[in-house]
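Take the sequence shown: its position 165, counted from the start at 1, is 292 in our numbering, and no numbers get skipped.
Virtual Cβ for every residue (Gly too), placed ideally from N, Cα, C.
Model, not experiment: these values are computed from the prediction.
Just below is one structure, and these are the notes that go with it.
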Amino acid sequence: MQINIQRNIDVSLSNQIYQSIVDRIHSGLLEEGLKLPSVRNLSKPLQVSLVTAVKAYKRLEQDGFITSIQGKGTFVKAKTKENLSGKETTSSYVWQLSVQDYLPRSQFARFHIVPQKVHLSSSMIDPKLLPNRYFEHEVHQVLSKNPELLSLFGEIQGDSQLRCEISEYLKRSGVLSTPENIVVTSGLQQGIDLIARTFVGPGDVVVMEAPTYPGAIDIFSGRGATILTVPVDKDGMRIDILQRVCEKHRPKIIFTIPTFHNPTGVVMTLKRRKQLLDIAVSNQCIIIEDDPCSEIYFEKKPPVPLKSMDQLGHVIYLRGLSKTIAPSCRIGVLTASGSIFNRLLAAKANNDLGSPLLTQKAILPLINSKRMIDHKKKLRTALKIRRDLVLDLLTRFSPEGLSWTVPEGGLNLWISLPTWLDSHLLLSESKKQQITFLPGSACFPIGQENNHLRISYSYVNEEQLTYGITTLCTILQDMISSKTISENTPYF
Ligand SMILES: Cc1ncc(COP(=O)(O)O)c(C=O)c1O
Numbered sequence: 128m129q130i131n132i133q134r135n136i137d138v139s140l141s142n143q144i145y146q147s148i149v150d151r152i153h154s155g156l157l158e159e160g161l162k163l164p165s166v167r168n169l170s171k172p173l174q175v176s177l178v179t180a181v182k183a184y185k186r187l188e189q190d191g192f193i194t195s196i197q198g199k200g201t202f203v204k205a206k207t208k209e210n211l212s213g214k215e216t217t218s219s220y221v222w223q224l225s226v227q228d229y230l231p232r233s234q235f236a237r238f239h240i241v242p243q244k245v246h247l248s249s250s251m252i253d254p255k256l257l258p259n260r261y262f263e264h265e266v267h268q269v270l271s272k273n274p275e276l277l278s279l280f281g282e283i284q285g286d287s288q289l290r291c292e293i294s295e296y297l298k299r300s301g302v303l304s305t306p307e308n309i310v311v312t313s314g315l316q317q318g319i320d321l322i323a324r325t326f327v328g329p330g331d332v333v334v335m336e337a338p339t340y341p342g343a344i345d346i347f348s349g350r351g352a353t354i355l356t357v358p359v360d361k362d363g364m365r366i367d368i369l370q371r372v373c374e375k376h377r378p379k380i381i382f383t384i385p386t387f388h389n390p391t392g393v394v395m396t397l398k399r400r401k402q403l404l405d406i407a408v409s410n411q412c413i414i415i416e417d418d419p420c421s422e423i424y425f426e427k428k429p430p431v432p433l434k435s436m437d438q439l440g441h442v443i444y445l446r447g448l449s450k451t452i453a454p455s456c457r458i459g460v461l462t463a464s465g466s467i468f469n470r471l472l473a474a475k476a477n478n479d480l481g482s483p484l485l486t487q488k489a490i491l492p493l494i495n496s497k498r499m500i501d502h503k504k505k506l507r508t509a510l511k512i513r514r515d516l517v518l519d520l521l522t523r524f525s526p527e528g529l530s531w532t533v534p535e536g537g538l539n540l541w542i543s544l545p546t547w548l549d550s551h552l553l554l555s556e557s558k559k560q561q562i563t564f565l566p567g568s569a570c571f572p573i574g575q576e577n578n579h580l581r582i583s584y585s586y587v588n589e590e591q592l593t594y595g596i597t598t599l600c601t602i603l604q605d606m607i608s609s610k611t612i613s614e615n616t617p618y619f
């Protein structure tokens, strides 16, 4: 278990240890019942005092994450007594526990495998809303025209014909790129990973929005980055705060999701986009513009991407296709310029020698087709209906004390609960009713806030949405009422 301690940030060492262990438990990397190192063995390699380690363990125990058993040690809290220490003594893989890893968190690994009826946790598109039939047809066509395709290696950078189409496709949203400065990645996720592998090492400062996309936090924390955060309001990242953070810490990278931000759904204004670019220029740093959803707008088109205003090559632009065509193709787009681009292309070569050719060829005729334009129109209408339904249900059934964002596009909506209410408790209740959502804590790199949740309205149909949201509201009402009752009950 590798814990990254940062000594140059405003978070105490014991809180950093606490957070790192919580992240691992939430990610399923530290299993129920697993024995943790003693305070002495924890503090020594981290070069922290025993008092610091004890403080972290105490808080973990108070918050219900671990249990200490006198004479036996400290364990990740187990639901049953038998699970406690069982793994340690019976597993023939005990030796594996001593193998150091560099994987501090992977929030998705946990939340995406839970078999539930109503997946409000899946920020993906309902398969019924995607152009599967067109795509199936194209896959057949590609293989029947060129049966040898599967025995060929594609270009590392991505199929050249596809890169020409992508360059046209990006032009329509104002991003000027040439086929030569595009890399086809295996989803946006790989684009983030390539950038992190290339430019982020232990202690490098990465600024992220808080909250932000958990998959990106997982990657940057895995690189040992010092992650600093800037809050998001209804107009996107707070640029005034970013300015102060940059003056003090000189970040190497600013990661942003300016359009239909995940998890809140908000859009950064044009004014803030321009200010953000100015900050990157004056601090000589890289902006990663993560854009999976800008085509899914409900009424008006969002402002132009940062990349379209980038004169000096500060922005690495990532565009995803998972939300509009076929997520299982795992196709994403990365565009950048200058030596930054060359280094990222080299990273792609090291990483996988190129993305699968079959899916690139199959997507080729679709990407700029009239069919796709029609499909996107229908998709926007269908998702708007679902978003409206959720907003309506929340307005009618949510208990007092809740607030939520009103996204003008994208797939997600962010709900804030009263500060005392922990969304993990809500999740364990809602799972009993076969409903999942993403607890907001997954979206904070540091200083996690537990009273939020992300609801995705894009994956489940209207009937399931109605069941899911009304049931969540009922559970919340019960939780709030029982607190009020217990507070008002006098002690005799
Ligand atoms: C903000 C953001 N970035 C990146 C990704 C990863 O997308 P892809 O499926 O293209 O890898 C997602 C997926 O949900 C996302 O929401």
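In chain order, the residues positioned with their C-beta nearer than 6 Å to some heavy atom of ligand 1 are Ser250, Gly314, Leu315, Gln316, Tyr340, Gly342, Ile384, Asn389, Asp417, Pro419, Gly447, Ser449, Pro454, Gly459. A residue is called buried when at least 16 other Cβ atoms come within 10 angstroms of its Cβ; histidine 579 meets this threshold and is buried. In the displayed model, arginine 446 falls within a strand according to three-state DSSP. Contact annotation: leucine 520 and isoleucine 596 have beta-carbon atoms nearer than 8 Å. When beta bridges are read from the DSSP output, asparagine 539 appears opposite Ser583. With fewer than 16 other Cβ atoms inside 10 Å of its own Cβ, glutamine 411 counts as exposed.
Along the region 331-407, the alpha helix (DSSP H) occurs as fully enclosed runs of 4 or more residues at 341-349, 366-376, listed in sequence order. Sorting Leu565, Glu295, Leu161, Leu247 by C-alpha distance to the C-alpha of glutamine 223 places Leu161 at the top. Here DSSP, grouped into helix, strand and coil, assigns serine 139 to coil.
In the structure shown, proline 566 adopts extended strand secondary structure according to DSSP, grouped into three states. At least 8 Å separates the beta-carbon of leucine 471 from that of leucine 277. Along the length of the region 437-504, whole alpha helix (DSSP H) runs at least 4 residues long occupy 465-479, 484-494, reported in chain order. Here valine 333 is not near isoleucine 384, since their CB atoms are 8 Å or more apart. For a cut-off of 8 Å, the C-beta gap from glycine 285 to valine 302 is around 16 Å, too long to register as a contact. Beta-bridge partners assigned by DSSP to isoleucine 309: Thr462. Annotation for glutamate 589: Ile512, Arg513, Leu516 place their beta carbon closer than 8 Å to its own, counting only its chain and skipping 5 residues before and after. Look at leucine 257 here: in three-state DSSP terms it is coil, with no helix or strand label.
Between arginine 299 and isoleucine 423, the C-beta gap is not smaller than 8 Å, which leaves the two residues out of contact.
Taking proline 358 as the centre and dropping the five residues before and after it, the same chain places the C-beta of Ala337, Arg365 closer than 6 Å to its C-beta, in chain order. The beta carbon of asparagine 495 sits closer than 8 Å to the beta carbons of Glu292, Glu295, Tyr296 from its chain, once the five residues preceding and following it are set aside; these are given in chain order. Under the DSSP definition of a beta bridge, tryptophan 531 partners with Ile542. Ranked by Cα distance from leucine 538, the first of Asp501, Pro419, Gln268, Pro454 is Pro419.
For serine 147, the closest of Thr601, Pro572, Ser609 by C-alpha to C-alpha distance is Pro572. Under the Cβ criterion (8 Å, minimum of three pairs), the region 593-607 does not count as touching the region 265-277. Around the C-beta of alanine 476, fewer than 16 other C-beta atoms lie within 10 Å, and the residue is accordingly described as exposed.
Gly536 is the residue among Glu527, Leu518, Gly536, Thr522 whose C-alpha sits nearest the C-alpha of lysine 504. Per DSSP, isoleucine 193 is not a residue of any alpha helix (DSSP H); the beta strand (DSSP E) it occupies stretches across 193-196. Non-local C-beta neighbours of leucine 187 in its own chain, meaning closer than 8 Å and more than five positions away in sequence, comprise Tyr145, Ile148, Val149, Ile193, ordered along the chain. Counting of Cβ neighbours within 10 angstroms places proline 274 among the exposed residues, the total staying below 16. Beyond the five residues adjoining it in sequence on each side, glutamine 133 comes within less than 8 Å, by CB distance, of Gln143, Gly330, Thr353 in the same chain, given in chain order. Taking 8 Å as the cut-off, the Cβ atoms of isoleucine 490 and glycine 314 do not count as close. Under the DSSP assignment, isoleucine 413 falls in the beta strand (DSSP E) whose first and last residues are 413-418. Excluding its 5 nearest sequence neighbours in each direction, tryptophan 547 has C-beta neighbours in its own chain below 8 Å: Asn578, Lys610, listed in chain order.
In the three-state reduction of the DSSP assignment, lysine 428 falls in the coil class, being assigned neither a helical nor a strand state. Residue state for lysine 244 is assigned as coil, using DSSP reduced to three classes.
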